[in-house]
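*Asks:* Residue numbers (UniProt numbering), protein chains in the order written: chain U, 1 to 668; chain P, 1 to 421. Here a beta-carbon is modelled for each residue, glycine too, at the ideal position from N, C-alpha and C. Take this structure, written in structure tokens, and hold onto it; I'll ask about it next.
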Amino acid sequence: MDNRRPPRTVSDPKVRQVGFVTPGAAPPARYLSEAPTAAAASSPPSGDTAPPAISTSPVMIPPPRHSPSAPLAVPNPSRRDSLQIQVGGYNPPEVLLESPPLTSPSSRMDDAVSQFSEDPSISPCNGRSEAAKVASSFPGSSGEMMVMKAGIVGGGSNTPKSSWTTASVAKTRPGISEKERGAVVGMQNDGAGVSKTLKEKTTKAERRALQEAQRSAKAAAKESGAGVKLSAAPGGAVPANTKQGKVVKPPAQKKDGPQVANPSVSSEKKVVDRPPEKDRKKDVPPPRMQFDDIHRVEKAKRRAVVYQFEAKNRVELFRHLPQYIHGTQLPDLETKFFQLDPMHPSVYKVGLQYLSGNISGGNARCIAMLLAFREAIRDYSTPPEKALVRDLTAKISSYVSFLIECRPLSISMGNAIRFLKNRIAKLPDTMPESEVKSSLQSDIDRFINEKIVIADKVIIRHAVTKIRDGDVLLTYGLSCVVEMLLVYAHEVGKQFRVVIVDSRPKLEGQVLLHRLVAKGINCTYTHVNAISYIMHEVTLVFLGAASVLSNGTVYSRVGTACVAMVANAFRVPVLICCEAYKFHERVQLDSICSNELGDPDVISKVPGRKDLNHLDNRADIENLQLLNLTYDATPSDFVSMIITDYGMLPPSSVPVIVREYRRENLWI
Amino acid sequence: MPDLQALVTDFVLKLKRRKIEGSQATAKQTAELLRQVVSQQRMPYTNQASVLIDAVRAVGEQLIAANPIGELSNSYLFLAVGNIVRRVLHIIREENLSSTTAAMEGLGLTAGSDDDEGEHEDRPGLSAAAVAAAARSTLRAPSLQTLLEDIPESAVAPHPSSSGGDSEGKSKSADRGSRSKKLKHDVIEAINELIQDIDTCHELISEQAVEHIHQNEVILTLGRSRTVKEFLCAAKEKKRTFRVFVAEGAPRYQGHVLAKELVGKGIQTTVITDSAVFAMISRVNMVIVGAHAIMANGGVIAPVGINMVALAAQRHAVPFVVVAGSHKLCPLYPHNPEVLLNEFRCPSDLLDFGEFSDCMDYGSLGGSPLLHVVNPAFDYVQPKLVSLFITDTGGHNPSYVYRLIADYYSADDLVVQQNST
Numbered sequence: 001m002d003n004r005r006p007p008r009t010v011s012d013p014k015v016r017q018v019g020f021v022t023p024g025a026a027p028p029a030r031y032l033s034e035a036p037t038a039a040a041a042s043s044p045p046s047g048d049t050a051p052p053a054i055s056t057s058p059v060m061i062p063p064p065r066h067s068p069s070a071p072l073a074v075p076n077p078s079r080r081d082s083l084q085i086q087v088g089g090y091n092p093p094e095v096l097l098e099s100p101p102l103t104s105p106s107s108r109m110d111d112a113v114s115q116f117s118e119d120p121s122i123s124p125c126n127g128r129s130e131a132a133k134v135a136s137s138f139p140g141s142s143g144e145m146m147v148m149k150a151g152i153v154g155g156g157s158n159t160p161k162s163s164w165t166t167a168s169v170a171k172t173r174p175g176i177s178e179k180e181r182g183a184v185v186g187m188q189n190d191g192a193g194v195s196k197t198l199k200e201k202t203t204k205a206e207r208r209a210l211q212e213a214q215r216s217a218k219a220a221a222k223e224s225g226a227g228v229k230l231s232a233a234p235g236g237a238v239p240a241n242t243k244q245g246k247v248v249k250p251p252a253q254k255k256d257g258p259q260v261a262n263p264s265v266s267s268e269k270k271v272v273d274r275p276p277e278k279d280r281k282k283d284v285p286p287p288r289m290q291f292d293d294i295h296r297v298e299k300a301k302r303r304a305v306v307y308q309f310e311a312k313n314r315v316e317l318f319r320h321l322p323q324y325i326h327g328t329q330l331p332d333l334e335t336k337f338f339q340l341d342p343m344h345p346s347v348y349k350v351g352l353q354y355l356s357g358n359i360s361g362g363n364a365r366c367i368a369m370l371l372a373f374r375e376a377i378r379d380y381s382t383p384p385e386k387a388l389v390r391d392l393t394a395k396i397s398s399y400v401s402f403l404i405e406c407r408p409l410s411i412s413m414g415n416a417i418r419f420l421k422n423r424i425a426k427l428p429d430t431m432p433e434s435e436v437k438s439s440l441q442s443d444i445d446r447f448i449n450e451k452i453v454i455a456d457k458v459i460i461r462h463a464v465t466k467i468r469d470g471d472v473l474l475t476y477g478l479s480c481v482v483e484m485l486l487v488y489a490h491e492v493g494k495q496f497r498v499v500i501v502d503s504r505p506k507l508e509g510q511v512l513l514h515r516l517v518a519k520g521i522n523c524t525y526t527h528v529n530a531i532s533y534i535m536h537e538v539t540l541v542f543l544g545a546a547s548v549l550s551n552g553t554v555y556s557r558v559g560t561a562c563v564a565m566v567a568n569a570f571r572v573p574v575l576i577c578c579e580a581y582k583f584h585e586r587v588q589l590d591s592i593c594s595n596e597l598g599d600p601d602v603i604s605k606v607p608g609r610k611d612l613n614h615l616d617n618r619a620d621i622e623n624l625q626l627l628n629l630t631y632d633a634t635p636s637d638f639v640s641m642i643i644t645d646y647g648m649l650p651p652s653s654v655p656v657i658v659r660e661y662r663r664e665n666l667w668i
Numbered sequence: 001m002p003d004l005q006a007l008v009t010d011f012v013l014k015l016k017r018r019k020i021e022g023s024q025a026t027a028k029q030t031a032e033l034l035r036q037v038v039s040q041q042r043m044p045y046t047n048q049a050s051v052l053i054d055a056v057r058a059v060g061e062q063l064i065a066a067n068p069i070g071e072l073s074n075s076y077l078f079l080a081v082g083n084i085v086r087r088v089l090h091i092i093r094e095e096n097l098s099s100t101t102a103a104m105e106g107l108g109l110t111a112g113s114d115d116d117e118g119e120h121e122d123r124p125g126l127s128a129a130a131v132a133a134a135a136r137s138t139l140r141a142p143s144l145q146t147l148l149e150d151i152p153e154s155a156v157a158p159h160p161s162s163s164g165g166d167s168e169g170k171s172k173s174a175d176r177g178s179r180s181k182k183l184k185h186d187v188i189e190a191i192n193e194l195i196q197d198i199d200t201c202h203e204l205i206s207e208q209a210v211e212h213i214h215q216n217e218v219i220l221t222l223g224r225s226r227t228v229k230e231f232l233c234a235a236k237e238k239k240r241t242f243r244v245f246v247a248e249g250a251p252r253y254q255g256h257v258l259a260k261e262l263v264g265k266g267i268q269t270t271v272i273t274d275s276a277v278f279a280m281i282s283r284v285n286m287v288i289v290g291a292h293a294i295m296a297n298g299g300v301i302a303p304v305g306i307n308m309v310a311l312a313a314q315r316h317a318v319p320f321v322v323v324a325g326s327h328k329l330c331p332l333y334p335h336n337p338e339v340l341l342n343e344f345r346c347p348s349d350l351l352d353f354g355e356f357s358d359c360m361d362y363g364s365l366g367g368s369p370l371l372h373v374v375n376p377a378f379d380y381v382q383p384k385l386v387s388l389f390i391t392d393t394g395g396h397n398p399s400y401v402y403r404l405i406a407d408y409y410s411a412d413d414l415v416v417q418q419n420s421t
């Protein structure tokens with residue numbers, strides 16, 4: 001591969017070439033010309049025009065879209081163009097969204113004040129305690145909402161956290177909030193004096209304004225890749241204000257620090273002197289909830305919407321993963337359908353579908369979740385006394401925690417949620433609600449379209465170049481990208497045969513088999529044990545992935561590792577098809593530290609085999625456990641190539657993609 | 001004789017219809033049948049051994065011919081049958097040899113004519129003497145004396161069939177009369193011993209369990225093998241506590257049966273799907289599986305899925321141990337064993353009948369059906385993936401299997417079906 005790479009003739013330093021590059025191709029032009037075809041081909045590909053162009057075209061990685069520091073309003077015009085071309089239904093207002101109007105803080109402050117003037121509790125303190133009250137009235141996820149609010153008040157900088165941490169952080173929240181409320185009340189009582197009401201009035205407005213300005217400053221700072229430096233804030237704050245800041249600040253929460261900053265300090269100045277290390281530190285994904293920690297599990301249970309029973313006879317090795325008796329939640333949830341207040345019905349529906357297993361697969365789950373959120377946002381209206389951004393983020397977080405209770409998040413969903421929360425956090429406050437809603441909805445549409453639908457098409461175009469006539473392609477389980485690839489390859493007239501390897505308990509391969517045979521593709525069906533037999537005739541292995549981790553490990557449906565291993569032993573190339581939005585900076589070496597446990601009962605029952613009843617009354621047997629893993633981790637040395645929407649890469653290049661494009665994933 | 005013939009056809013039918021489960025049962029029944037053959041064989045005064053060999057071989061041919069595909073591509077049942085036929089042939093040769101050498105030593109004559117005569121009659125095509133001499137040298141215990149004796153013998157061996165045959169035959173004929181009952185009796189005794197060995201091999205193997213299974217070990221196995229079950233239970237009885245992961249072994253799901261049996265003995269058992277083997281192997285200390293046959297090169301014919309387990313074990317440097325009785329040793333060298341030594345089961349194990357009938361119609365338009373279902377029954381595990389064989393004669397390396405086989409089989413009998421080919 002290296003010797004085929006042409007010398008660096010490309011003048012534009014921003015354009016990187018990854019993968020197989022044909023010399024002499026003009027990369028930027030190619031990329032741009034390629035994008036529209038991919039975008040235009042939302043209907044089933046016509047087949048004549050696109051593939052030849054693709055087969056010769058180099059795989060390009062466009063420059064990462066780091067948001068430039070302050071003047072966001074003037075982005076690179078060419079990039080804007082490409083963006084607009086790429087995404088079909090894309091209207092001007094959204095483009096404006098990319099550059100939040102960073103006008104002078106004062107005007108914004110005015111706006112904010114006028115917008116929330118009817119709010120009786122304008123002070124952040126009161127607002128928060130208010131929020132806490134409201135939140136605690138919700139049955140399930142008050143803690144979570146609280147955290148989100150606290151996060152937003154603290155400058156909205158902790159939004160990209162995965163919801164796992166919010167859940168874990170939430171443990172400490174309720175007590176503190178109580179304390180806070182008490183403290184605030186106490187302070188108001190003793191610090192009042194005669195001119196209490198007057199002072200309060202002025203400070204309220206002032207504080208409010210301060211808050212808003214700081215948040216906007218913070219947001220601007222954050223998006224430019226640096227933050228507010230704590231010490232850079234000169235004094236100038238009202239004494240009462242600093243005092244309050246002290247009171248408000250819970251011991252562990254450092255994010256509240258910048259609150260003390262003076263609004264008069266321009267955001268551009270603060271932007272510069274933030275050490276990059278701090279940003280780097282945030283890259284480390286937060287630790288996940290460990291379910292062998294009894295205290296945390298207890299606390300999480302108290303918040304839970306879904307009533308779940310812990311399974312008996314659990315496997316010792318997997319104590320750290322949640323396992324519930326399957327099916328016990330469903331009737332309980334169904335009865336709650338009409339009374340469950342905070343949950344939007346569409347989210348609820350999706351949650352139930354996750355629970356019942358009707359929706360599975362990384363892309364399908366992600367799309368279903370995003371569409372549900374979209375609907376929820378459409379029906380959303382800011383309650384009185386609330387700020388849209390905070391309330392909406394809290395709502396989304398509560399939805400997410402509900403979905404987690406139904407089924408642990410997939411990494412694709414985690415990334416999508418991160419994206420959505422970032423979008424919400426970045427919303428300018430001046431935007432009217434209807435506009436916010438429509439822009440968020442179109443953001444979601446754009447994410448689905450760009451990161452999933454079009455990405456799949458690009459992957460297919462790349463992958464189909466690897467299929468030659470006479471190939472025998474092996475695939476495992478059901479991956480929608482691989483399915484699309486096989487169908488597409490068949491449509492463009494490649495002569496090949498497909499081997500579908502399947503395994504219990506899901507038997508997803510049968511679904512794929514049905515679809516492919518219906519398309520007239522020659523298929524061989526077998527089970528995963530026979531993989532060593534069938535591998536003799538196979539020339540290429542195409543696998544899907546739930547996620548590709550930063551060390552090149554492919555995290556996918558259980559059994560993928562077996563297939564990749566046997567293919568590796570038989571010297572058959574293994575190609576992984578995975579959209580780049582599923583990449584994650586986490587690393588993992590085995591399949592045990594992080595996994596998802598399925599329903600163990602499906603192991604004891606084999607459909608169509610009535611004679612196999614040896615494990616029927618397993619709950620009575622103490623020594624017997626059934627283990628139904630959902631995922632496994634394929635080591636990177638079994639993987640020959642990963643095909644993503646950014647091109648075809650070796651697994652060692654995954655961290656590069658993660659590093660260069662993570663920001664773009666967040667800030668699309 | 002008609003009685004015997006009926007027995008043979010009955011057994012052949014059972015084999016054909018897969019009525020016999022497991023290689024051990026097959027081996028035992030084959031041995032019992034051959035014992036019948038030997039005991040009913042009328043013994044002439046001369047060439048007793050060759051008569052016996054012919055009779056056994058004839059039955060063996062019948063049994064092996066029951067396999068529709070032919071001997072070289074036989075399933076494990078037929079591998080077991082072939083093994084036992086060869087074992088019995090070997091027993092006859094050995095008994096004959098020991099009695100003749102005893103007689104020869106008394107008479108001061110050179111051994112080797114007896115076998116030659118027998119082979120001289122029925123298969124002149126083979127250079128019988130050379131083969132026999134070679135076989136004999138492997139039969140005897142390798143002592144310095146036999147080494148010395150064999151050198152002149154093998155040099156002489158090609159010649160004496162013409163010259164020494166008649167004279168020796170006359171001189172020995174009187175002696176043979178007294179030996180006639182003895183040979184048959186010895187052979188039957190030896191076959192009984194073989195049957196007993198087959199019966200008791202589990203105990204011999206499981207006696208070694210404590211040497212291999214330590215406290216708190218995590219063991220993975222796939223499917224069900226009686227030997228593995230006995231092995232694990234023996235370790236449990238010796239107060240070892242360990243955990244067992246049982247991969248269910250699709251499409252037969254015998255792992256469920258094994259799990260239930262192990263749990264009944266109080267062993268911590270976890271049933272996993274076959275696809276989770278790779279995920280779990282990183283926490284496993286040892287893989288213990290059964291086998292259907294151990295080939296002469298140290299390769300293993302085992303239930304489908306074992307090769308995957310072996311590869312995963314190799315990847316994680318987990319010892320891969322095969323427990324098998326010595327009756328599973330097969331003197332054949334495998335060639336393309338995944339195909340030739342395999343057996344294909346019914347597709348309905350994987351797909352419901354009729355589920356794809358509409359697709360079949362669609363596909364048959366183009367000549368060949370669009371949908372194939374592959375459901376092989378066996379895997380071949382390369383010798384390099386096997387860490388250890390534990391047989392009733394102790395633990396062995398894969399590279400040593402060829403020598404074990406020489407202990408149990410005679411080189412003459414490697415090809416049982418020689419008349420037909």
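Going by the CB atoms, is the gap between A291 (chain P) and K328 (chain P) shorter than 8 Å?
*Replies:* The sequence position of residue 328 (chain P) within the second sequence is 328, counting from 1. The sequence position of residue 291 (chain P) within the second sequence is 291, counting from 1. Their beta carbons are under 8 Å apart, which means K328 (chain P) touches A291 (chain P) by this criterion.
*Asks:* Residues of chain P with a CB under 8 Å from the CB of P505 (chain U): which are they?
*Replies:* Stepping through the first sequence from its first residue, residue 505 (chain U) is reached at position 505. Residues of chain P passing the Cβ test: T273.
*Asks:* Contact criterion: CB-CB distance below 8 Å. Does Y488 (chain U) meet it with respect to chain A?
*Replies:* In the structure shown, chain A cannot be found, because the protein chains are U and P.
*Asks:* From U:N415, U:S479, U:L440 and U:V498, pick the residue whose C-alpha is nearest to that of R468 (chain U); which is it?
*Replies:* On the first sequence, residue 468 (chain U) is found 468 positions in, with the first residue counted as 1. Answer by Cα proximity: U:V498.
*Asks:* Round the Cβ separation of I294 (chain P) and C330 (chain P) to the nearest angstrom and send it over; I've been treating them as touching at under 8 Å.
*Replies:* Looking up residue 294 (chain P) in the second sequence gives position 294. Looking up residue 330 (chain P) in the second sequence gives position 330. I294 (chain P) to C330 (chain P), Cβ: 6 Å. Contact.
*Asks:* Suppose the cutoff is 8 Å on Cβ atoms and the five residues either side in sequence are ignored; what does the same chain contact list for R87 (chain P) look like?
*Replies:* Within the second sequence, numbered from 1, the residue matching residue 87 (chain P) stands at position 87. So the qualifying residues of the chain are A31, L194, H327, Y408 and Y409.
*Asks:* By the criterion of Cβ-Cβ separation under 7 Å, what are the contact partners of A623 (chain U) in chain P?
*Replies:* By one-based count along the first sequence, residue 623 (chain U) stands at place 623. A quick correction: the sequence has Asn, not Ala, at residue 623 (chain U). Neighbours of N623 (chain U) across chain P, judged by C-beta separation under 7 Å: V263, G266, I267, Q268 and T269.
*Asks:* Over what stretch of residues does the beta strand (DSSP E) that includes residue 427 (chain P) continue unbroken?
*Replies:* Here chain P comprises residues numbered 1 to 421, so residue 427 (chain P) is not present and cannot be evaluated.
*Asks:* Which residues in chain P have a C-beta closer than 8 Å to the C-beta of H614 (chain U)? List them in chain order.
*Replies:* In the first sequence, counting from the first residue as 1, residue 614 (chain U) sits at position 614. Chain-order list of chain P residues neighbouring H614 (chain U): H256, V257, A259 and K260, by C-beta distance under 8 Å.
*Asks:* F231 (chain P) versus chain U: which residues are under 7 Å apart at the beta carbon?
*Replies:* Within the second sequence, residue 231 (chain P) is the residue found at index 231, counting from 1. Those do not exist, as F231 (chain P) stays about 18 Å from chain U at its closest Cβ, beyond 7 Å.
*Asks:* Near K14 (chain P), which residues of its chain fall below 7 Å by C-beta distance, leaving aside the five closest residues on each side in sequence?
*Replies:* Residue 14 (chain P) sits at position 14 when you count from the first residue of the second sequence. For K14 (chain P), where only same-chain residues beyond five positions count, the Cβ hits under 7 Å are I20.
*Asks:* Less than 7 Å between C-beta atoms, sequence neighbours within five positions excluded: which residues of the same chain meet that for E248 (chain P)?
*Replies:* Reading the second sequence from its first residue, position 248 is the one you call residue 248 (chain P). Correct list, in chain order: G255, H256, V271, T273 and D274.
*Asks:* Take residue 724 (chain U) as the anchor and find which of U:S438, U:L629 and U:I621 has the nearest alpha-carbon.
*Replies:* Lying before the first or after the last residue shown, residue 724 (chain U) is absent from chain U, which here runs from 1 to 668.
*Asks:* From the DSSP output, in three-state form, read off F356 (chain P) for me.
*Replies:* Here residue 356 (chain P) is taken as the residue at index 356 of the second sequence, counted from 1. Of the three classes helix, strand and coil, the one that applies to F356 (chain P) here is coil, per DSSP.
*Asks:* On the DSSP bridge list, what partners appear for D502 (chain U)?
*Replies:* Position 502 of the first sequence holds residue 502 (chain U). DSSP, once it has assigned bridges, lists U:H527 as partnering D502 (chain U).
*Asks:* Going by DSSP, what residue range makes up the beta strand (DSSP E) through I444 (chain U)?
*Replies:* As a position in the first sequence, residue 444 (chain U) is number 444, starting the count at 1. Counting along the chain, I444 (chain U) falls outside any beta strand (DSSP E), though it belongs to the alpha helix (DSSP H) covering E433 to F447.
*Asks:* Using a C-beta to C-beta distance shorter than 9 Å, which residues of chain P count as neighbours of H320 (chain U)?
*Replies:* Here residue 320 (chain U) is taken as the residue at index 320 of the first sequence, counted from 1. In chain order: nothing, as chain P lies at least about 13 Å away.
*Asks:* Is there at least one non-hydrogen atom of the ligand COA closer than 7 Å to the beta-carbon of A463 (chain U)?
*Replies:* For the ligand COA, the structure offers nothing, since it holds no ligand at all.
*Asks:* Using a Cβ-Cβ cut-off of 8 Å, state whether C562 (chain U) counts as contacting chain P.
*Replies:* Translated into positions along the first sequence, residue 562 (chain U) becomes position 562. Yes, contact with chain P.
*Asks:* Is the distance from the Cβ of S503 (chain U) to the Cβ of G552 (chain U) below 8 Å?
*Replies:* Here the question's residue 503 (chain U) lines up with position 503 in the first sequence. Here the question's residue 552 (chain U) lines up with position 552 in the first sequence. Going by C-beta atoms, S503 (chain U) is not nearer than 8 Å to G552 (chain U).
*Asks:* Is it buried or exposed for H396 (chain P), if we count other Cβ within 10 angstroms and need 16 for buried?
*Replies:* Reading the second sequence from its first residue, position 396 is the one you call residue 396 (chain P). Classification for H396 (chain P): buried.
*Asks:* Could you check whether the Cβ of S387 (chain P) sits closer than 8 Å to any Cβ belonging to chain U?
*Replies:* As a first step, residue 387 (chain P) is located in the second sequence; it is residue number 387 there, counting from the start. No, its Cβ sits nowhere closer than 8 Å to a Cβ of chain U.
*Asks:* Would you kindly report the start and end of the unbroken beta strand (DSSP E) that includes F242 (chain P)?
*Replies:* By one-based count along the second sequence, residue 242 (chain P) stands at place 242. F242 (chain P) -> beta strand (DSSP E) spans F242 to A247.
*Asks:* Using a threshold of 8 Å, state whether the C-beta atoms of S99 (chain P) and L183 (chain P) are closer than that.
*Replies:* Your numbering for residue 99 (chain P) matches position 99 in the second sequence. Your numbering for residue 183 (chain P) matches position 183 in the second sequence. Closer than 8 Å, so yes.
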